[in-house]
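Trainee:
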Amino acid sequence: MLLVNITKYLDKKFNPKKASDWDNVGFQIFNKKPLDANFNVNKVLICLDLTNDCLEYAIKNNVNLIISRHPFIFAELKQEKQNPIKKEMIKKLTKHNIVVFSIHTNYDASSNQNLTEIINKEIEIKKYKKYGYENESNIFYFKKEIKIEDLIKSVSKIFNSESIRFNSNTDLNSKTNQMYITTGSGASTMIYNSLKKCVFITGEVKWNEWIYANDNNVCLVELGHYMENYFVDDIKNKLANKFNDLEILTYDINNQFITRKKV
Numbered sequence: 083m084l085l086v087n088i089t090k091y092l093d094k095k096f097n098p099k100k101a102s103d104w105d106n107v108g109f110q111i112f113n114k115k116p117l118d119a120n121f122n123v124n125k126v127l128i129c130l131d132l133t134n135d136c137l138e139y140a141i142k143n144n145v146n147l148i149i150s151r152h153p154f155i156f157a158e159l160k161q162e163k164q165n166p167i168k169k170e171m172i173k174k175l176t177k178h179n180i181v182v183f184s185i186h187t188n189y190d191a192s193s194n195q196n197l198t199e200i201i202n203k204e205i206e207i208k209k210y211k212k213y214g215y216e217n218e219s220n221i222f223y224f225k226k227e228i229k230i231e232d233l234i235k236s237v238s239k240i241f242n243s244e245s246i247r248f249n250s251n252t253d254l255n256s257k258t259n260q261m262y263i264t265t266g267s268g269a270s271t272m273i274y275n276s277l278k279k280c281v282f283i284t285g286e287v288k289w290n291e292w293i294y295a296n297d298n299n300v301c302l303v304e305l306g307h308y309m310e311n312y313f314v315d316d317i318k319n320k321l322a323n324k325f326n327d328l329e330i331l332t333y334d335i336n337n338q339f340i341t342r343k344k345v
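Read in order, the letters of the sequence shown are residues 83 to 345 in my numbering.
#1: Measure from the C-beta of I141 to each C-beta in chain C and report whether the shortest distance is under 9 angstroms.
#2: Indicate whether Y215 and Q260 have their beta-carbon atoms separated by less than 9 angstroms.
#3: Give the straight-line distance between the Cα atoms of Q195 and F154, rounded to the nearest whole angstrom.
#4: How about Y215: is its Cβ closer than 8 angstroms to a heavy atom in the ligand FMN?
#5: Write down every uninterrupted run of the beta strand (DSSP E) in the region 184-241 whose length is 3 residues or greater and which is fully enclosed by it, in chain order.
#6: Helix, strand or coil: how does DSSP classify Q161 here?
#7: Can you give me the Cβ contacts of A119 inside the same chain, cut-off strictly under 7 angstroms, excluding the 5 residues immediately before and after it?
#8: Could you give the C-beta distance for W24 and N249, rounded to a whole number, given that I count them as a contact under 8 angstroms?
#9: Which residues in the same chain have their Cβ closer than 8 angstroms to the Cβ of P98, if we skip the five residues on either side of it in sequence?
#10: Return helix, strand or coil for N113, following the three-state DSSP convention.
#11: Using a Cβ-Cβ cut-off of 7 angstroms (strictly less than) and excluding sequence neighbours within five positions of N113, which residues of its own chain qualify?
#12: State buried or exposed for T264, treating a residue as buried only when at least 16 other CB atoms are found within 10 Å of its CB.
#13: Quick one: using the 10 Å Cβ neighbour count with 16 as the cut-off for buried, is F339 buried or exposed?
#14: Does the beta-carbon of E170 have 16 or more other beta-carbons within 10 angstroms, so that it is buried, or is it exposed?
#15: In the DSSP assignment, the beta strand (DSSP E) including S150 goes from what residue to what residue?
#16: Does the region 217-234 come into contact with the region 131-147, if we say contact requires no fewer than three beta-carbon pairs (one atom in each stretch) closer than 8 angstroms?
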């Protein structure tokens with residue numbers, strides 16, 4: 083399977099022009115070098131992040147295309163190499179001729195992802211629309227009101243979240259007929275759009291964002307950045323349906339931390 087056929091399909095589904103200016107989507111360490119137009123993909127591996135363990139798994143299984151949600155290279159290459167393991171990983175990628183391709187904020191901004199589909203399995207959705215300056219967020223309107231406590235339980239199940247936090251003035255017995263969802267570190271969208279008296283679900287929250295939520299009566303729910311892992315199955319299914327003869331592997335990096343109340 084030609085690499086160009088796969089990446090053209092993904093770019094059509096998740097337009098790189100919709101990515102944030104600060105983001106580094108598409109080809110990673112090879113993005114400044116011309117790729118062979120006839121580069122043939124043996125196997126593709128899909129992951130949330132390219133970790134060292136993930137790369138070792140790819141090498142062991144003769145994978146030569148890795149598709150990640152989070153870019154492997156965010157900063158300048160010289161700065162990235164200050165991470166000792168990442169420096170070694172770059173050498174391994176080069177040695178084994180493995181291409182890394184990332185779909186990040188252009189995935190967030192696209193209606194072609196399966197977010198509505200997975201939510202609708204647990205919560206009956208009346209309608210949905212994209213939201214935010216760069217369409218990075220989503221508003222879901224429910225067919226009927228849901229108690230906040232039940233909603234938190236449902237979204238934690240949908241996104242396989244083991245650790246959940248919500249702001250201190252949340253009324254778990256109150257009800258709502260809609261919610262905002264911005265995956266990843268998305269609470270800045272809440273502040274940028276001056277939201278108040280609503281339910282806002284995201285992956286990571288900063289201290290000032292918790293304060294904003296309490297002051298503006300927002301039920302702010304933090305599910306952890308790992309909530310974005312639904313990307314893996316979504317891309318796998320899309321590629322499998324499009325390319326019947328493409329061998330696809332997935333790698334689950336699992337949550338990267340353990341939460342304890344006390345040590």
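We put the CB at the ideal spot given by N, CA and C, even for glycine.
Mentor: Once the coordinates are examined:
#1: Included in the structure is just one protein chain, with no chain C present.
#2: By one-based count along the sequence shown, residue 215 stands at place 133. By one-based count along the sequence shown, residue 260 stands at place 178. Not in contact: Y215 and Q260 (Cβ atoms no closer than 9 angstroms).
#3: Position 113 of the sequence shown, counted from the start, is the residue given in the question as residue 195. Position 72 of the sequence shown, counted from the start, is the residue given in the question as residue 154. Each residue's alpha carbon lies about 21 angstroms from the other.
#4: This structure simply doesn't include the ligand FMN, nor any ligand for that matter.
#5: 207-213 and 219-229
#6: Translated into positions along the sequence shown, residue 161 becomes position 79. It is helical.
#7: The residue given as residue 119 occupies position 37 in the sequence shown. Excluding sequence neighbours, A119 sits near V86.
#8: Limits of the chain in this structure are 83 at one end and 345 at the other, which puts residue 24 out of reach.
#9: Indexing the sequence shown from 1 puts residue 98 at position 16. Excluding positions up to five away in sequence, the list reads V107, G108 and N188.
#10: Locating residue 113 in the sequence shown gives position 31, counting from the first residue. Here N113 scores only 47 on pLDDT, less than 50, and its place in the model should not be relied on; the value that follows carries that caveat. In the structure shown, N113 sits in coil (DSSP, three-state: anything other than H, G, I, E or B).
#11: Along the sequence shown, one-based indexing puts residue 113 at 31. For N113, the predicted model reports a pLDDT of 47, less than 50, meaning its position is unreliable; a value from the coordinates is still stated below. Cβ neighbours of N113 beyond the five flanking positions: none.
#12: The residue given as residue 264 occupies position 182 in the sequence shown. Buried: at least 16 other Cβ atoms inside 10 Å.
#13: Here residue 339 refers to the residue found at position 257 of the sequence shown. That one is exposed.
#14: By 1-based counting over the sequence shown, the position of residue 170 is 88. So E170 ends up on the exposed side.
#15: The residue labelled residue 150 in the question sits at position 68 within the sequence shown. Note, S150: beta strand (DSSP E), L147 to S150.
#16: no
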